[in-house]
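Notes follow once the structure below has been shown.
Residue numbers (our numbering): 2 to 338.
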């Protein structure tokens, strides 16, 4: 059975929007063929956005919010007020989810920023990105892995009827990290490239932590040049991509992943600049069928491993557009069977 899900972020700018997003996700995806997810509402501020959300999960490292963004403060025990707020906000959001999902049984998905995008967006205590320091980025990745373990246990406690828990690592900056395109703090230089083996090792720490806790590790990268083979080699069971960003070889990699028991979340709805109405289920069904014909994949033979999603998060769209997208994805997944 083909499934339908979302990437993670949803529209809104206050706690009421989060509660509404939870209701929307459960309402549209809470029955088969839906794969509901923990919604994120980054419009509420830095503590609710991708980096702040991940730092709320990270274990044994504290941070504060500076004009240039998030910065580690060195060790644990001295979190800034914004870091404390990020942790509190995550707990509030999970409380809202737990209340709304009482009695739910079935699969569920959560998201957290991956180690390389986190290293490319967070500063060291002495300045510049964590990416610049081999030891600092190793420490951050390992702290993220331990924090994810705790997060998975917390979600299992809150969602006792969940029979398939997916943890999606968001890595939009990974292609830039591998290609030495991440700017230094001055803006005049670029951080050195990270070798694929080093990138794979750090990803593996977090993916292994997910798997060790009995959850299913995915990686989402909606940027061009997503290193799909590297992600699979690092231990990603699922690959979440933007269909419009794929190169010729990527289609073969995704087909191989499905044929060998992996999962593929295919981003088939553009959300960066939505124009007019959301695409209909019929349009999405035809688009996925063309991709299946191209790759030779039989959707009937992949179980619940083919998942239809938006190409990226939906924080920048209206609630009405987001609802229409999730409904169309759900219907298209049902059409595909």
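Cβ coordinates follow ideal geometry from the N, Cα and C atoms, glycine included. Quick caveat, the model's predicted, so the values are computed rather than measured.
Counting the other CB atoms within 10 Å of its CB gives residue 38 a total of 16 or more, which places it among the buried residues.
Within 10 angstroms of the beta-carbon of residue 69 lie fewer than 16 other beta-carbons, which makes it exposed. Going by DSSP, residue 107 is part of the beta strand (DSSP E) stretching over 107 to 114.
Check the Cα spacing between residue 116 and each of 95, 139, 20: the tightest is with 139. According to the DSSP assignment, residue 278 belongs to no beta strand (DSSP E), since it is labelled neither H nor E. DSSP, reduced to helix, strand and coil, places residue 238 outside both helices and strands of the structure shown, so it counts as coil. The DSSP-derived three-state label of residue 171 is strand. In terms of CA proximity to residue 89, 49 leads the group 72, 106, 66, 49.
In the structure shown, the three-state DSSP call for residue 61 is coil.
Apart from the 5 residues on each side of it in sequence, residue 122 sits with its Cβ closer than 6 Å to the Cβ of 52 in its chain, given in chain order.
A Cβ-Cβ distance of about 5 Å is found for the pair residue 333 and residue 282, placing them in contact under the 8 Å criterion.
Residue 308 has 4, 266 as its beta-bridge partners, per DSSP. Here the stretch 149 to 165 makes no contact with the stretch 176 to 189; the two share fewer than three CB pairs at distances below 8 Å. Taking all protein chains shown into account, residue 249 has fewer than 16 neighbouring C-beta atoms within 10 Å of its C-beta and is therefore exposed. Taking 9 Å as the cut-off, the beta carbon of residue 309 is found no closer than this to the beta carbon of residue 264.
Beta-bridge partners assigned by DSSP to residue 243: 268. Contact between residue 228 and residue 175 holds, with the beta-carbon distance rounding to 7 Å and staying under 8 Å. In the three-state reduction of the DSSP assignment, residue 124 falls in the strand class.
Distance from the Cα of residue 135 is smallest, within the candidate group 202, 291, 252, for 202. For residue 72, the enclosing beta strand (DSSP E) stretches over residues 70 to 73.
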